[in-house]
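Colleague: Pasting a structure below so you can have a look.
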Amino acid sequence: MAAPSPRIDMEVRCVGKFICDAARCVISALTDRSCPLVVTRCTLAAASRTSKPTRVLAPVQQSRPSARQPTHSRYQQSDSHHHQPSRPRQRKVRLRPDAIVVKAAGTTTYADILRKLYAEPALQKTVVKSVQCIRRSTSGALVLQLRKGVQNASALGTELDGVLGDAATASALRHKTALEIRDLDECTTKAEICTALGHQLGTTNLDPDVVRSLRKAYAGTQTAVIDLPDELAAETLKLGYLRVGWVSCRVRERAEASRCFRCWEFDHVAARCAGPDRLKLCYRVRMPAATLPSALAALWPRSSSAANTMRILQLNLNHCRSAQNLLSQTVRELGINVAIVCDQYKNPGPHYTWIADSNRQAAIWVRGGLPVQDRPSRPLPFFTWARVSDVYIFSVYAPPRLSNAEFSALLANVVEEAQHQRPLIIAGDFNAWSTEWGSSETKPRGVALLDALSALNVVLLNTGHTPTFTGPQGSSIIDLSFASDSLTPRVAGWQVEREVFTNSDHRAITFNLSAHRPHRSSAGPRRRWCARKLDVEAFSERLSRARIPNANATPGHPEDMAAALITAITEACSVSMPSGGGRRRHHEPVYWWTDEIAALWRQCLRARRLAQRARGRAAEEARLADFAIAKSRLRAAIEESKRPCWSAICNEVDRDVLGRPYGTVMSRLRGPRATPPREPTLVRRTVAALFPTVTEALIRPGVTLEELRGACTRIRDGAAPGPDGVPNRALKLAVVLRPDAFLRVYSTCLSGGVFPSPWKRQRLVLLSKPGRPPDAPSSYRPLCMLDTAGKILERIICRRLEGYTEAPDGLSDHQHGFRRGRSTVDAIESVTTAAREAVGGARGSRKYCAVVTLDVRNAFNSARWNNILAALERIRTPEYLQKIIYSYFQARVLEYDTDDGPESCSISAGVPQGSVLGPILWNVMYDSILRLRLDDGVRIVGFADDIAVVTVAGTTYEVEDLLSRAIARVRDALWGLGLETADHKTEALLFSRKRRLETITIEVGDCFIASSPCIHDLGIQLDARLTFNDHLIAASEKASKVAGALSQIMSTIGGSRSSRRRLYANVINSILLYGTPIWSCGPGARAGLRRAEAIHRRACLRVISGRPHLSYDAAYVLASIPPLALLADERSRLHQRHHEDARTEEGQETLRRWQSQWDRSPKGRWTHRLIPNIRSWIERRYGEVDYHLTQLLSGHGYFKHHSQRYDHNASADCPACPLTVENAEHVFFNCPRFEEGREKLHRQLQEASIMFYKQNVERHVFRIPFSSWLLD
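For the sequence shown, full-length UniProt numbering gives the first residue as 1, with consecutive numbering after it.
Dropping the structure here:
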């Protein structure tokens, strides 16, 4: 086992010394005001480094640090004035003489043993001349110290042992020196080393165990560690080299320094320690570890290195369900980015973040938005890999059941896969033992592992002797981590987590991997707080004592008042909440995590400690029983907590089709959000392209409590804070506690027409557009993070503006975006209505209708502020609103991060995307486009920045002429507003009822655009015939891809419960039913709906784990999902009554039509007999439909009557009941083969009928898994 070289060791010690010195300076400055705080840049640089010993398996040659070697360096010379005790200098080694240790047996005393030895005449000639003195050891044994030069200590010990017999035992104690023999060839054995030593030292009585270990080293060589008596070791060191076979091998002393773990000094042990007790102190700073973070927080902010570090966790889940549940919470608490998992219970995550092997034995879970750059093209057995942040990470699991040959084959596959992938990390449970990583012995698996990985030039990251596996039969170190030699300097903090309960026999391992570039400070909020741990009382007390303006105070300058308000809130946050930054950043817990589960988790951790400490004692069985009870309670609490949470989110699907459930499922299918780019050149080009510079000059009533409360209700607690870092929850609490202060500040801002400068800072977040090249500025969508306090003021201004924009003479009715009660369906409906009126008349009165969609390039960021202010004046906005909006635009600053550090730039145009005022200000400016006076038969329909020009005329020539002139006027008007169109993205469509499709060509700037048979507008595929067949085909293809992805999550047997499957299936409903009021009345809707129903039925079959030949009607009923046609009709009716609250009424109408259709259907009659009433079935609050229950309710299962459909030669008769058809009814109710299980079920039903009411019997039936008595 190799170790760092002496030179590396000296630098590491010096760095550690500088960390201690720097920390000691900080502590003295913080604790003693008279001591000045002086910290040099050199000290800071040294303090930022970390070091730990690593075991090198290839190819860098290193040696173990020596306590006896001098550590002279320029660092020690410059720090000689410090009081930190340095490592002791090398002293001359004094060879200790040999000795004979005598241990008494039974009740024999050592005095009797000495008398017996003195009385033996044979010993007078041999032993007496060799003994120097007789003493007692610290353990009480008798020690006969021999004279110097005595060579036959072993023979003397054997002679004494023969004389003493059963009264005592005597053994020779020879002091030995450890030596290292390097450069051995890979074929050398221990016997050959012994032979070479004996030949060159001239001795023949060497013990075969003189070679302690023989391990692989760099470049195919080996290194041996031998233990020789001091005299032979001195002779060997004088030689310098040892000839073994054909190789002249180097010989070096292997110094092993003893160090006291009590005072941390060298050359003594804790039993003889007279120094201070430092067991409870931090190793580096020598102060209590509990007070260390607060002392060093001012000098080294913990959050400065977290942003550029990838935190990795390694864990074997032992195929335990509760262990996998706890893993979801553990990775959040520890801030894990990549989890290397072995022996998982299931593969829960989507395929793009959870990369698993072919047999569910190893997986890699990528979190935190890190993109997976590469993965295996096909799943591999027992291992998998993923490329994350340019590092190849391998997860390997070698179960104990593998033979040595199979284990070697697995390693060969891993090495072959990783041969050309650098840098890499290989981690997992290898079930291999070797002394290299702290095992008590080396087994064949350990040798095979070292031999195989030596070809990859990797370094062992394991340090210490903490077991990674603790089972009933003992502990061991079998979870290993390896890294490329070039990657090792970037790995820090490898440790076995003792304070993390995993509910597995294995302990969690964590370590950090730093990025290539040094971390720069972020332009984001430097102050972050953990809103989950908000102390309401402390926050209220601090805020009540703060000096902030109230209603009776004399109004000051709005800037000063806003700054005083935010300062008071910031101070209250610092007092009432812990900091949320740092390496272990607090994340939101999983949805099922509660305080009760957290308490049970801590109880399990304590019970595990007590059980481990009681091993081998009388209380071991009792402690193990307590541990088992604690684990069962935790497992039951987790399952009980998950059940109502999923019920709530499943019920929300019916209320909000495109809400949180839809977003939850689609986030698993789309993939994680890509990390924003930080490459300086790309970020600067993107900012310059998205935020153009405009050089032209820019041309009072108070706030009520109702306005303030209304603005606060729109703030979400979990939304990200702005640059000030104040959590939304804390700000809303401050509004409740001190509304007078907020009213005073906001009223002063409105009356003075000043928007405070701190609220005009916007932090840029770039969101990548899917399918776009990553190096193009147009591939990113800019989102601006603003302070929430400023957003409240924006909301108040927005509400007041809406009173003028929504007035009769306000915004145009052709604008459908960013307005209440309007949607994309309304915008598309206005286009389709005009087209139907034009082409749907009598044969002689039919006309042509054409639509052209224009795309405005970088619209929101290019809006000119002068045009917005002029538009506000045009709609007669009050002067105080115009004045504060004018201030809102002035001196805006954009902040963003790059790898070169934080940067900022001034903003001179555009409305911030992510602000509250941005949408309404855009509509105000854009209203002039929608109010253009165009020719008769031409009108404009707008949705946000999208424009559709609709033209109706008698001939195609008139259509082309009208469109060309209208588009030219629109482009001129946009140019006047400082906007321009992306002409190459323009699309045109000609609606017609003629058999032969006609085309038109229009001029758009320098481009000539020909009409297409189908265009895409606001998510709907519009075709020339208005059949919407193309839209239904595209929606069906998209839904089919989603269904295919969901099929990987929803397996037929096992997997998720039916309630969770129903949540997934509703995502397909949302995709298929988008724009239903538009396409449901099209002539091609019926044919397209049949295609969509086939995909919808596939999702329903996945929900109930049903067979593919199950009828449509039965599948819908068992899945509790109405048919797609009924859902489409319900959406259309709701759109017609969207101004009313008719959701419940229309839902009841859909259920009535579904029941009528179910009663009339000729299919699924067996299911109809069991479930005649759909309402009672779908409104039940119990029971989950699984694979076995579906066979009973549908009749499609392993019944001979059903199997005869596929094999007409097979008989449908029951093997136990001649002349009786074996179907579901016969098997479950009449067949004598299952009489015992049937009687058991009846007994349970009778017991249930006594305890519950009659209506609860059905509930109890579905709680009993049919598979438990069907398979008896």
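Each residue gets a CB set at the ideal place from its N, CA and C atoms; glycine is no exception. Everything numeric in this text was worked out from a predicted model, so none of it was measured.
Comparing C-alpha positions only, which one of 479, 769, 457 sits nearest to residue 486?
Modeller: Checking every option, the nearest Cα to that of residue 486 belongs to 457.
Colleague: Name, in chain order, the residues that DSSP records as bridge partners for residue 238.
Modeller: Looking at the DSSP assignment, residue 238 forms no beta bridge with any residue, so it has no partner.
Colleague: Answer with buried or exposed for residue 1100, where buried requires no fewer than 16 other C-beta atoms within 10 angstroms of its C-beta.
Modeller: Counting Cβ neighbours within 10 Å, residue 1100 comes out buried, since at least 16 surround it.
Colleague: Does the distance from the CB of residue 313 to the CB of residue 508 come in under 7 Å?
Modeller: Their beta carbons are under 7 Å apart, which means residue 313 touches residue 508 by this criterion.
Colleague: Between residue 391 and residue 361, what straight-line distance do the alpha-carbon atoms span, to the nearest angstrom?
Modeller: So the two alpha carbons sit approximately 22 Å from each other.
Colleague: Roughly how many angstroms lie between the CA atoms of residue 797 and residue 356, to the nearest whole one?
Modeller: Roughly 52 Å between the two C-alpha positions.
Colleague: Only counting the same chain, and skipping five residues up and downstream in sequence, which positions put a Cβ closer than 7 Å to that of residue 490?
Modeller: Excluding residues within five positions, the ones whose Cβ falls inside 7 Å are 513, 514.
Colleague: Look at the alpha carbon of residue 1079 and the alpha carbon of residue 1028, and state the distance between them as a whole number of angstroms.
Modeller: C-alpha separation (whole angstroms): 6 Å.
Colleague: Rounded to the nearest angstrom, what separates residue 433 and residue 186 at their Cα positions?
Modeller: Approximately 21 Å, taken between the alpha carbons.
Colleague: Would you check if the distance between the CB atom of residue 572 and the CB atom of residue 542 is smaller than 7 Å?
Modeller: Cβ atoms of residue 572 and residue 542: closer than 7 Å.
Colleague: Are there 16 or more other CB atoms within 10 angstroms of the CB of residue 128, so buried, or fewer, so exposed?
Modeller: Exposed: under 16 other Cβ atoms inside 10 Å.
Colleague: Is residue 78 helix, strand or coil when you go by DSSP?
Modeller: With a pLDDT of 35 at residue 78, under the threshold of 50, the modelled position of this residue cannot be trusted, and the question is left open.
Colleague: Quick check on residue 1008: buried or exposed, where buried means 16 or more other Cβ atoms within 10 Å of its Cβ?
Modeller: Under this definition residue 1008 is an exposed residue.
Colleague: For the alpha helix (DSSP H) that contains residue 401, what are its first and last residues?
Modeller: That residue, residue 401, is in no alpha helix (DSSP H); it is neither H nor E in DSSP.
Colleague: For residue 979 and residue 862, which I take to be in contact (beta-carbon distance under 8 Å), what is that distance rounded to the nearest angstrom?
Modeller: Confirmed, about 6 Å.
Colleague: If I follow the unbroken beta strand (DSSP E) through residue 133, where does it start and stop?
Modeller: That run of the beta strand (DSSP E) goes 131-136.
Colleague: Considering Cα atoms alone, identify which of 418, 947, 438, 1112 is closest to residue 455.
Modeller: Checking every option, the nearest Cα to that of residue 455 belongs to 418.
Colleague: Apart from the five residues on each side of it in sequence, which residues of its chain come closer than 6 Å, Cβ to Cβ, to residue 755?
Modeller: The residues are 884, 887, 888.
Colleague: Going by DSSP in three states, residue 1277 sits in which element: helix, strand or coil?
Modeller: Any question about residue 1277 goes unanswered here, given that the chain covers just 1 to 1272.
Colleague: In the DSSP assignment, find the beta strand (DSSP E) that holds residue 512 and state where it starts and stops.
Modeller: Here the beta strand (DSSP E) through residue 512 covers 509-514.
Colleague: Please classify residue 1016: does DSSP put it in a helix, a strand, or coil?
Modeller: Here residue 1016 sits in strand by DSSP.
Colleague: Between the C-alpha atoms of residue 707 and residue 643, what's the straight-line distance to the nearest angstrom?
Modeller: Roughly 39 Å between the two C-alpha positions.
Colleague: Considering only C-alpha positions, which residue in the set 1019, 1033, 1014, 1115 is nearest to residue 1062?
Modeller: Comparing Cα positions, the closest option is 1115.
Colleague: Could you give the first and the last residue of the continuous beta strand (DSSP E) run that contains residue 1279?
Modeller: Because the chain spans 1 through 1272 in this model, residue 1279 falls outside it and cannot be assessed.
Colleague: Could you check whether the region 907-916 touches the region 870-878, counting it as contact only if at least three pairs of C-beta atoms, one from each stretch, sit closer than 8 Å?
Modeller: They do not touch, by the three-pair rule.
Colleague: So, helix, strand or coil for residue 232, using DSSP?
Modeller: Correct three-state label for residue 232: helix.
Colleague: Three Cβ pairs or more, each shorter than 8 Å: is that satisfied between the region 605-619 and the region 329-342?
Modeller: Flag = no, the region 605-619 and the region 329-342 do not touch.
Colleague: Quick one: Cα of residue 325 to Cα of residue 791, how far?
Modeller: Near 38 Å, if we compare the C-alpha coordinates of residue 791 and residue 325.
Colleague: Can you find a heavy atom of the ligand SAH that lies under 6 Å from the Cβ of residue 905?
Modeller: As far as ligands go, the structure on display features none, and thus does not contain the ligand SAH.
Colleague: To the nearest angstrom, report how far apart residue 1113 and residue 1025 are at their CA atoms.
Modeller: The alpha-carbon atoms of residue 1113 and residue 1025 are separated by roughly 32 Å.
Colleague: Determine the contact status of residue 935 and residue 962, defining contact as a CB-CB distance below 7 Å.
Modeller: The answer is yes: Cβ separation under 7 Å.
Colleague: Check residue 994 in the structure and name its three-state DSSP category.
Modeller: Of the three classes helix, strand and coil, the one that applies to residue 994 here is coil, per DSSP.
Colleague: Between which two residues does the beta strand (DSSP E) containing residue 782 stretch?
Modeller: Here the beta strand (DSSP E) through residue 782 covers 780-785.
Colleague: Under the three-state reduction of DSSP, which class applies to residue 577: helix, strand or coil?
Modeller: If DSSP states are grouped into helix, strand and coil, residue 577 belongs with coil.
Colleague: What's the C-alpha gap between residue 409 and residue 382?
Modeller: Those two C-alpha atoms are separated by around 11 Å.
Colleague: Starting from residue 928 and walking both ways along the alpha helix (DSSP H), at which residues does that stretch end?
Modeller: Per DSSP, residue 928 belongs to the alpha helix (DSSP H) from 917-930.
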